[in-house]
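Trainee:
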Amino acid sequence: MELIFATGNKGKLREAEEILGRGYRILSPEEAGVSAEVEETGKTFKENSLLKALHLYGLTGKDCFADDSGLEVDALGGAPGIYSARYAAMPFKSFPADPRDLVELPGTPDHIFSANIDKLLAELERLDAFEGKARFRCVATLMLGGEPHFFEGAVEGRIARQRSGNGGFGYDPVFIPDAYPDRTIAEIPEDAKNAISHRGVALRRMAAWLHANYLKP
3 MELIFATGNK
13 GKLREAEEIL
23 GRGYRILSPE
33 EAGVSAEVEE
43 TGKTFKENSL
53 LKALHLYGLT
63 GKDCFADDSG
73 LEVDALGGAP
83 GIYSARYAAM
93 PFKSFPADPR
103 DLVELPGTPD
113 HIFSANIDKL
123 LAELERLDAF
133 EGKARFRCVA
143 TLMLGGEPHF
153 FEGAVEGRIA
163 RQRSGNGGFG
173 YDPVFIPDAY
183 PDRTIAEIPE
193 DAKNAISHRG
203 VALRRMAAWL
213 HANYLKP
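Residue numbers for the sequence shown follow the numbering used here, so the first one is 3 and each next one is one higher.
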């Protein structure tokens, strides 16, 4: 089965391919000849996930899926949340913040996420809140024949005081999952990460639903 995934992030594409496994061909928007870029104006992960999936389906008319995900830290009132990829660009007067307050950040995605992590660690240091609860949350929206179907996943943990590990991407070097209390996500093998990750949980639920309801023999 061929599905277009509304992301240009190679790490996400690789993760989706490994989780969905045989029987699925996952295409990027670029491979499908379109751009999945769309302004994320939703106020929740579900709203943004649906917005991206509808945009991609409207461009291609083909089965596709999108996800929106991020890091929620209880001590920060749920921040960065839906602004996880842009946290360093937000002058956090309050949370949730107004997207119109965003400032432009120069550099590659890796540089921007490094700045996001710097901001996160500085905020938690200021509050002395490193032992508090945090989680990665994901909502995936699957578009089949124009109908949306939603799948959610989360992984609980806490934030490390400093980066550790070279695997993964985004906030992985500072997120310690409850399942591996002495290691960050960036320090565990990729297959172990996929087994517990928020996106992994959501995509496995999506794959199980497809197998049960769409790919019946």
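Where a beta carbon is used, it is the ideal one built from N, C-alpha and C, also for glycine.
Can you give the Cα-Cα distance for GLU39 and ASP180, rounded to whole angstroms?
Mentor: On the sequence shown, position 37 is the one that residue 39 refers to. On the sequence shown, position 178 is the one that residue 180 refers to. So the two alpha carbons sit approximately 34 Å from each other.
Trainee: Under 8 Å between the Cβ atoms of CYS66 and ILE28?
Mentor: Start at 1 with the first residue of the sequence shown, and residue 66 comes out as number 64. Start at 1 with the first residue of the sequence shown, and residue 28 comes out as number 26. Going by C-beta atoms, CYS66 is not nearer than 8 Å to ILE28.
Trainee: Provide the residue span of the beta strand (DSSP E) that contains GLU158, from first to last.
Mentor: Here residue 158 refers to the residue found at position 156 of the sequence shown. Residues 149-161.
Trainee: Taking Cβ positions, are HIS200 and GLY155 nearer each other than 8 Å?
Mentor: By 1-based counting over the sequence shown, the position of residue 200 is 198. By 1-based counting over the sequence shown, the position of residue 155 is 153. In contact: HIS200 and GLY155 (Cβ atoms closer than 8 Å).
Trainee: Does the separation of the CB atoms of GLY134 and VAL75 fall below 8 Å?
Mentor: Here residue 134 is taken as the residue at index 132 of the sequence shown, counted from 1. Here residue 75 is taken as the residue at index 73 of the sequence shown, counted from 1. Yes, these two residues count as a Cβ contact at 8 Å.
Trainee: What's the gap between the Cα of LEU129 and the Cα of LEU123?
Mentor: Stepping through the sequence shown from its first residue, residue 129 is reached at position 127. Stepping through the sequence shown from its first residue, residue 123 is reached at position 121. Roughly 10 Å between the two C-alpha positions.
Trainee: Looking at the ligand FMN, does it come within less than 7 Å of LEU56, judged from the CB to the closest heavy atom?
Mentor: Ligands displayed in this structure: none; no statement on the ligand FMN is therefore possible.
Trainee: Rounded to whole angstroms, what's the CA-CA distance from LEU53 to GLY147? Just pull it up for me.
Mentor: Position 51 of the sequence shown, counted from the first residue, corresponds to residue 53. Position 145 of the sequence shown, counted from the first residue, corresponds to residue 147. Straight-line Cα distance between these residues: approximately 16 Å.
Trainee: Do you know whose CA, among GLU125, GLU19, PHE115, lies nearest GLY79's CA?
Mentor: As a working mapping, residue 79 is identified with position 77 in the sequence shown. If we check each option's Cα against that of GLY79, GLU125 comes out closest.
Trainee: Just the C-alpha distance for ARG207 and ALA8, rounded to the nearest angstrom, thanks.
Mentor: Here residue 207 is taken as the residue at index 205 of the sequence shown, counted from 1. Here residue 8 is taken as the residue at index 6 of the sequence shown, counted from 1. About 18 Å.
Trainee: Determine the DSSP secondary structure at SER166, reduced to helix, strand or coil.
Mentor: Your numbering for residue 166 matches position 164 in the sequence shown. Here SER166 sits in coil by DSSP.
Trainee: Are there 16 or more other CB atoms within 10 angstroms of the CB of GLU17, so buried, or fewer, so exposed?
Mentor: Locating residue 17 in the sequence shown gives position 15, counting from the first residue. It is buried - the Cβ of GLU17 has at least 16 other Cβ atoms within 10 Å.
Trainee: Anyone know if the C-beta pair for ILE68 and THR143 falls short of 8 Å?
Mentor: Locating residue 68 in the sequence shown gives position 66, counting from the first residue. Locating residue 143 in the sequence shown gives position 141, counting from the first residue. At residue 68 the sequence reads Ala, which differs from the Ile that was named. Going by C-beta atoms, ALA68 is nearer than 8 Å to THR143.
Trainee: How would you label ASP174, buried or exposed, when you count the other beta carbons within 10 angstroms and need 16 or more for buried?
Mentor: In the sequence shown, counting from the first residue as 1, residue 174 sits at position 172. Per the 10 Å Cβ criterion, buried.
Trainee: Would you list the residues sitting across from ALA210 in a DSSP beta bridge?
Mentor: Working through the sequence shown from its first residue, we reach residue 210 at position 208. In DSSP, ALA210 forms no bridge with anything.
Trainee: Taking the DSSP output, what are the residues bridged to ALA181?
Mentor: Along the sequence shown, read from residue 1 onward, the residue named residue 181 stands at position 179. Its beta-bridge partners do not exist; DSSP assigns none.
Trainee: State the CB to CB distance for the pair VAL141 and ALA204, rounded to an integer number of angstroms; the pair is presumed to be in contact (CB under 8 Å).
Mentor: As a first step, residue 141 must be located in the sequence shown, where it is residue number 139. As a first step, residue 204 must be located in the sequence shown, where it is residue number 202. At roughly 7 Å, the Cβ-Cβ gap stays under 8 Å, so VAL141 and ALA204 are in contact.
Trainee: ALA204 by DSSP, collapsed to three states: which one?
Mentor: On the sequence shown, position 202 is the one that residue 204 refers to. The answer is helix: DSSP assigns ALA204 an H, G or I state.
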